[in-house]
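Engineer: Sequence order for the protein chains is A and B. Sequence positions in the first sequence follow our numbering and run 259 to 372. Sequence positions in the second sequence follow our numbering and run 262 to 375. Beta carbons are placed, not taken as given, at the ideal position from N, Cα and C, and that holds for glycine.
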Amino acid sequence: AQSVTQLDSQVPVFEEAPVELRCNYSSSVSVYLFWYVQYPNQGLQLLLKYLSGSTLVKGINGFEAEFNKSQTSFHLRKPSVHISDTAEYFCAVSEPSGTYKYIFGTGTRLKVLA
Amino acid sequence: NAGVMQNPRHLVRRRGQEARLRCSPMKGHSHVYWYRQLPEEGLKFMVYLQKENIIDESGMPKERFSAEFPKEGPSILRIQQVVRGDSAAYFCASSREAGNTEAFFGQGTRLTVV
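1) In chain A, which residues lie less than 9 Å from T362 (chain B) when you measure between Cβ atoms?
2) Based on the DSSP secondary-structure assignment, which residues constitute the bridge partners of N326 (chain A)?
3) Which residues in chain B have a C-beta closer than 7 Å to the C-beta of G365 (chain A)? List them in chain order.
4) Answer with yes or no whether the minimum CB distance from G301 (chain A) to chain B is below 7 Å.
5) Under the assumption that Q300 (chain A) contacts Q368 (chain B) (Cβ atoms under 8 Å), give the Cβ distance between them as a whole number of angstroms.
6) State the start and end residues of the unbroken beta strand (DSSP E) segment that holds L306 (chain A).
7) When we look at the beta-carbon of K336 (chain A) and count the other beta-carbons within 10 Å, is it buried (16 or more) or exposed?
8) Would you report the Cα separation of V273 (chain B) and P300 (chain B), rounded to the nearest angstrom?
9) Leaving out five residues before and five after S285 (chain B) in sequence, what residues of the same chain have Cβ atoms less than 6 Å from its Cβ?
10) Should L282 (chain B) and F362 (chain A) be called a contact, given that it needs their Cβ atoms to be closer than 7 Å?
11) Any Cβ of chain A within less than 7 Å of the Cβ of G369 (chain B)?
12) Is the beta carbon of D266 (chain A) less than 7 Å from the beta carbon of T330 (chain A)?
13) For the ligand FAD, is there any heavy atom lying closer than 6 Å to the beta carbon of P286 (chain B)?
14) Since K312 (chain B) is in the beta strand (DSSP E), which residue starts that stretch and which ends it?
15) By Cβ distance, which residues of its chain are closer than 7 Å to I316 (chain B), with the 5 residues on each side in sequence left out?
16) List the residues of chain A whose Cβ lies closer than 7 Å to the Cβ of A328 (chain B), in chain order.
17) Can you round the beta-carbon distance between F272 (chain A) and L371 (chain A) to whole angstroms, since I take them to be within the 8 Å contact cut?
18) Could you tell me the alpha carbon to alpha carbon distance between Q341 (chain B) and A280 (chain B), rounded to whole angstroms?
19) Rounding to the nearest angstrom, what Cα-Cα distance links L291 (chain A) and Q260 (chain A) in this structure?
20) For Y358 (chain A), count neighbouring C-beta atoms within 10 Å of its own C-beta (all shown protein chains included) and say buried if the count is 16 or more, exposed if not.
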């Protein structure tokens, strides 16, 4: 069975500092990987996704993530955060075929400090 | 092109009442998924529907919960005889095709059972 682990439940970081949000997954088959952002009282917005090809994926709002198959990780990074990046970030996986469900991690709350 | 529309955004029900949550998928999308987010947790898959068909309801509680996606109109998630433990955010997602390369999420319905 697939699972997703987001080890950090909260990450405080100062404005303009870099940030990395960690995501590890377990799966016996190849996967699709996603990062979603949830602003307070909002729905989920797709930041970026990895389906195949280049392991470095660039998304919206200056975020990027790197798929590392050997370490089964898909960490999210941003070189310089803004106050407006304060939100909850969810990593999710799905199998390319046979299923359609997303398995979500428990989320990481990013708090950007002035 | 409007996104996935869910209503109501907030719903308060007393224990024992019924809750009806509505989801209108994006235009051209015929696949709908419902997820539940309990406090401090990630999203958990509940059910996958296509028009007039339930494809997978493996994540639905066995009792009191039902879902439909009629030929005309929105998808409905129905919770009968609500209990305090049903308090959660319920998110609907839709996709154009079966599969999981990208699902678009609504803003969710936050159900509070008092």
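Structural biologist: So, from the listed chains and residues:
1) Y290, K307, L309, S352 and P354
2) A:S331
3) G303
4) yes
5) 6 Å
6) L302 to Y308
7) buried
8) 16 Å
9) M266 and P335
10) no
11) yes
12) no
13) For the structure depicted, the ligand FAD is absent and the ligand set is empty, with no information on it obtainable.
14) Note, K312 (chain B): premise wrong, no beta strand (DSSP E); not H, not E.
15) Y309 and L310
16) Chain A residues near A328 (chain B): none, gap ~15 Å exceeds 7 Å.
17) 5 Å
18) 6 Å
19) 12 Å
20) buried
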